[in-house]
Structure formats: C-alpha cells, structure tokens
Amino acid sequence: MSFSVRADVCVQCNMCVAECPTGLLVMKEDGPVAGRGSCISCGHCVAVCPTEAIDYSITPRSEQLPVGTYTVPSAEEAEEFLRYRRSIRTFSNKPVSKELLTRLLNVARMAPTGSNSQGISYRVIQNEDTLHAISEAVMDWMSALGKENSRMRIYAYNAKRYNRTGRDFILHKAPTLVLAISKDKMEDRGRDNGHFALTYAELMAPSLGLGSCWSGFVEYCAQTGYKPLLDILGLPDGYRVAGAIMVGYPKYKYRYMPEREPLTVYFDEED
C-alpha cells in the first residue's frame, strides 16, 4: 500500500482530508499523510484533488475514469429516466448476448455498497432446461411451505395454479436469470450489496433495450437453503444468493410510465 503526495503541486486545500470517510488522512506541513485509521478504498482523495498531487496504489489515478466534460442530466431528464423503468414479465424469445449482459453487469458493479465492501459476483443462467428446473424447484418449495404453514397458503395457491395452467409464474419464461451472489461471511451486508447492484442493473437495462424484473421467489427460496434449488443453481463453494432478477427483451411496449402511491414525507417542524 503506497500513498504518495507531490509536495511541489499540493496546495493544502484540505479537500482530501475532508472527503476521507474514515478520517485516515491528516494534513501536515508538506501535504496530507496517512494517520491512524483504516482505508475503505473509495478513491475520494485521488478523485477530489484539484492539482493531481495525490496518488494511491489501492485506487490509482490511472484506473479512474476522468469526469471530463460530463454533465449530469437535468432534473426533468433524470426523473423521466428513473420513472421509465417498469417490471417486465413478458419476454420475447430473442436471446440476450453475453456481451450485452457483461456490459449490463459492468455497470451494476459500480453501485454503492456498505463501507465500500463490494464483494458481489454474478451467476448468469440462460440454459432453457436449467431455467425450467429452477421454476419447478421453487414451485415444489412453495407447495410444501404452504402445507406446513397456514400463513404461507398463498405459496400453495400459486403452486396449484402453476400446475393447473402450465404458466411459469416464477421466471415467466425469461431467457436469462441473473443472480447476485456474495460470500457466506458477508451475511446481511452481502444481501444489501446484491440488491444495490441489481438495482443499478435494472435502471441500466432499458438503455440497452432490455427489460427486467426482480425474482423474489427464487431469491427467498435460495436463502432458506432449499437444497434442490441450490443443487440446480450451481453456486461456487462458500457463496449465497444475494439477489435475483430476470432479464430479456420485452415482448410488448408500454404506453405509460408506472405510478406509485402518493408521497408521504415527514419533515422536522420549523421553530
């Protein structure tokens, strides 16, 4: 680990010290130095320096993408972008290429995580037989769960409906299932980080012509440790499912943006 400062160009503006989330950096006579504390590899110190005086082996400037002339979208553009996304459950038969999925997940990895812990990998499943087997396993789990627990009768109902109609209520015949996976030791933080990452993927998907939808049943079933499903998913040893989304090309085009319940917000009372 090497933290370097070019004293000849450092203007001691203190931005790096102010931006360090753990208080590791302190300002000295010749510029900032690493004091007591820990580093979460956020790269803020390198990115905020106005004179490029700082470099850090953990977050080297050479690996950071310059902001350049980029400007953020207007508030109106950002609002429309965020509101445009809609859960897609009816997909075309067109397969999604590995190249496009890689681009999608490369954006997902940029999502913020607790203390910059990151630690999310992905398992992508596109084999039609495997996807069908996943749906069957989850329906079996639902059926058993509904019989054992009266509060879970909805699961049993869905299982019966699936068996009666043959319609896939689990994966909706999506051509791709993306699992965010984290190491067992990350526990709840891993699940949170997986959800952050897949949210980025869901927001990015429409710009690539793709649609997506959360697969909560698959996620929940896997997190209960249901062995028949875990055997099918084929996760690396020591990993667990942190989130799941279906991805594919939407079969239909919606004419309106989604609406939600009215905003409820509580502000501090003014003096």
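The sequence shown: position 14 = 14 (our numbering), numbered continuously.
Here a beta-carbon is modelled for each residue, glycine too, at the ideal position from N, C-alpha and C.
Since we're looking at a predicted model, the values are computed, not measured.
> Is there a Cβ from chain E that is less than 8 Å from the Cβ of E99?
Replying inline: Although the question refers to chain E, the structure presented lacks it and comprises just one protein chain.
> Is P175 buried or exposed, if buried means 16 or more other CB atoms sit within 10 Å of its CB?
Replying inline: The residue you call residue 175 lines up with position 175 of the sequence shown. P175 comes out buried.
> Just how far apart, CA to CA, sit L105 and E29?
Replying inline: Numbered from 1 along the sequence shown, position 105 holds the residue referred to as residue 105. Numbered from 1 along the sequence shown, position 29 holds the residue referred to as residue 29. Each residue's alpha carbon lies about 44 Å from the other.
> Straight-line CA distance for D237 to E269?
Replying inline: Locating residue 237 in the sequence shown gives position 237, counting from the first residue. Locating residue 269 in the sequence shown gives position 269, counting from the first residue. Straight-line spacing of the CA atoms in D237 and E269 works out to 52 Å.
>> Please state whether the Cβ-Cβ distance between Y249 and K94 is less than 8 Å.
In response: Counted from its first residue, the sequence shown places residue 249 at position 249. Counted from its first residue, the sequence shown places residue 94 at position 94. In contact: Y249 and K94 (Cβ atoms closer than 8 Å).
>> Using only CA atoms, which one of H195, C16, E136 lies nearest to R167?
In response: As a position in the sequence shown, residue 167 is number 167, starting the count at 1. Checking every option, the nearest Cα to that of R167 belongs to E136.
>> Measuring straight from C-alpha to C-alpha, what distance separates L198 and L101?
In response: If you number the sequence shown from 1, residue 198 lands on position 198. If you number the sequence shown from 1, residue 101 lands on position 101. The alpha-carbon atoms of L198 and L101 are separated by roughly 12 Å.
>> Under DSSP, the beta strand (DSSP E) around R22 begins and ends at which residues?
In response: Reading the sequence shown from its first residue, position 22 is the one you call residue 22. In the sequence as displayed, the identity of residue 22 is Thr instead of Arg. Looking at the DSSP string, T22 is not in any beta strand (DSSP E), and its letter there is neither H nor E.
> In or out: G190 buried (at least 16 other Cβ within 10 Å) or exposed?
Replying inline: For the purposes of this step, residue 190 is taken as residue 190 along the sequence shown, with counting starting at 1. With 16 or more other Cβ atoms within 10 Å, it is buried.
> I58: buried (16+ other C-beta within 10 angstroms of its C-beta) or exposed?
Replying inline: On the sequence shown, position 58 is the one that residue 58 refers to. Exposed, since its Cβ has fewer than 16 Cβ neighbours within 10 Å.
> Under 8 Å, do S212 and V247 count as touching if we go by C-beta distance?
Replying inline: As a first step, residue 212 is located in the sequence shown; it is residue number 212 there, counting from the start. As a first step, residue 247 is located in the sequence shown; it is residue number 247 there, counting from the start. Closer than 8 Å, so yes.
>> Let me make sure I understand the geometry here. Which of F91, E63, P21, F3 has the alpha-carbon closest to that of I54?
In response: In the sequence shown, the residue the question calls residue 54 occupies position 54. For I54, the nearest C-alpha among the options comes from F3.
> Since S121 sits in a beta bridge, which residues does DSSP pair it with?
Replying inline: For this step, residue 121 is matched to residue 121 along the sequence shown. Beta-bridge pairing links S121 to I181.
>> Rounded to whole angstroms, what is the Cα-Cα separation between R36 and C16?
In response: Taking the sequence shown and counting its residues from 1, one reaches residue 36 at position 36. Taking the sequence shown and counting its residues from 1, one reaches residue 16 at position 16. Distance between the alpha carbons of R36 and C16: 15 Å.
>> Quick test of your reading: S154 and F217, contact by CB under 8 Å. State the CB separation rounded to the nearest angstrom.
In response: Your numbering for residue 154 matches position 154 in the sequence shown. Your numbering for residue 217 matches position 217 in the sequence shown. Going by the sequence as given, residue 154 is Ile instead of Ser. That pair is no contact at about 11 Å.
>> Do K251 and F91 have their beta-carbon atoms positioned less than 8 Å apart in this structure?
In response: The residue labelled residue 91 in the question sits at position 91 within the sequence shown. The residue labelled residue 251 in the question sits at position 251 within the sequence shown. The answer is yes: Cβ separation under 8 Å.
> If you draw a straight line from the alpha carbon of D140 to that of C39, how long is it in whole angstroms?
Replying inline: Here residue 140 refers to the residue found at position 140 when the sequence shown is read from its first residue. Here residue 39 refers to the residue found at position 39 when the sequence shown is read from its first residue. Approximately 46 Å between the Cα atoms of the pair.
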